[in-house]
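Participant: For what it's worth, my numbering labels the leading residue of the sequence shown as 92, then goes sequentially.
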Amino acid sequence: MTIATSEYISSSENETKLIASDISQKLKPGDVIALVGQLGTGKTFLVKSLCEKWEISDVTSPTFSIVNQYSGKINVNHFDFYRIKNPEELYNIGFEEYLMSGNTITFIEWADMFPEILPKDIIKIIITYSENNKRKITIE
Numbered sequence: 092m093t094i095a096t097s098e099y100i101s102s103s104e105n106e107t108k109l110i111a112s113d114i115s116q117k118l119k120p121g122d123v124i125a126l127v128g129q130l131g132t133g134k135t136f137l138v139k140s141l142c143e144k145w146e147i148s149d150v151t152s153p154t155f156s157i158v159n160q161y162s163g164k165i166n167v168n169h170f171d172f173y174r175i176k177n178p179e180e181l182y183n184i185g186f187e188e189y190l191m192s193g194n195t196i197t198f199i200e201w202a203d204m205f206p207e208i209l210p211k212d213i214i215k216i217i218i219t220y221s222e223n224n225k226r227k228i229t230i231e
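What follows is the structure, encoded as structure tokens:
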């Protein structure tokens with residue numbers, strides 16, 4: 092997983108979709124993307140916008156289900172750690188097996204809650220509020 096460090100500024104949903112279009116061309120099956128940002132910064136919207144590029148249209152927040160799986164041009168695992176109390180819950184649902192599937196891209200919202208269980212080789216996307224209701228999207 093190698094992707095150049097990048098920074099984008101989005102002032103609208105349409106701009107975020109354009110950013111997602113650019114990012115989607117850089118991702119490949121086997122990549123694990125850790126999404127970090129405050130509540131409401133647009134983590135799920137970014138995943139939804141990325142998935143649209145892979146002809147996946149049924150993307151919803153996995154907050155209550157912990158993980159959603161989608162199929163399109165690329166298969167996607169979409170985790171949300173927000174309601175997880177401890178890493179054991181993730182091990183119980185087979186988190187490691189999801190990550191070992193080399194034919195999927197895995198997105199993890201609120202990944203910073205349990206950094207100790209993340210693979211070492213991840214792509215980190217940080218979304219923060221910026222002035223005038225803009226969002227800064229940083230890829231590390």
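Don't be surprised by glycine CBs; every beta carbon is placed ideally from N, CA and C.
Kindly indicate the opening and closing residues of the beta strand (DSSP E) around E222.
Facilitator: Careful: E222 lies outside any beta strand (DSSP E) and carries neither H nor E.
Participant: Taking 8 Å as the threshold (C-beta atoms), are E188 and G163 in contact?
Facilitator: no
Participant: Let me check one thing: in DSSP terms, what residues is G128 bridge-paired to?
Facilitator: I218
Participant: Measure the Cβ-Cβ separation of I213 and I94 and say whether it is below 8 Å.
Facilitator: no
Participant: When the Cα atoms are used, what is the spatial distance from I110 to L190?
Facilitator: 25 Å
Participant: Are the Cβ atoms of V127 and I217 separated by less than 8 Å?
Facilitator: yes
Participant: Please confirm whether I228 and S103 have their CB atoms less than 8 Å apart.
Facilitator: no
Participant: Whole angstroms is fine: what's the gap from N223's alpha carbon to L209's?
Facilitator: 33 Å
Participant: For T219, collect the residues of the same chain with a Cβ closer than 8 Å to its Cβ; drop the 5 residues on either side in sequence, then sort them by chain order.
Facilitator: G128, Q129, T132, R226, K227, T229
Participant: Under a three-way DSSP split, which group does K134 fall into?
Facilitator: helix
Participant: With the cut-off set at 8 Å, would you say Y182 and T154 are in Cβ contact?
Facilitator: Taking 8 Å as the cut-off, the beta carbon of Y182 is found no closer than this to the beta carbon of T154.
Participant: Quick check on S148: buried or exposed, where buried means 16 or more other Cβ atoms within 10 Å of its Cβ?
Facilitator: exposed
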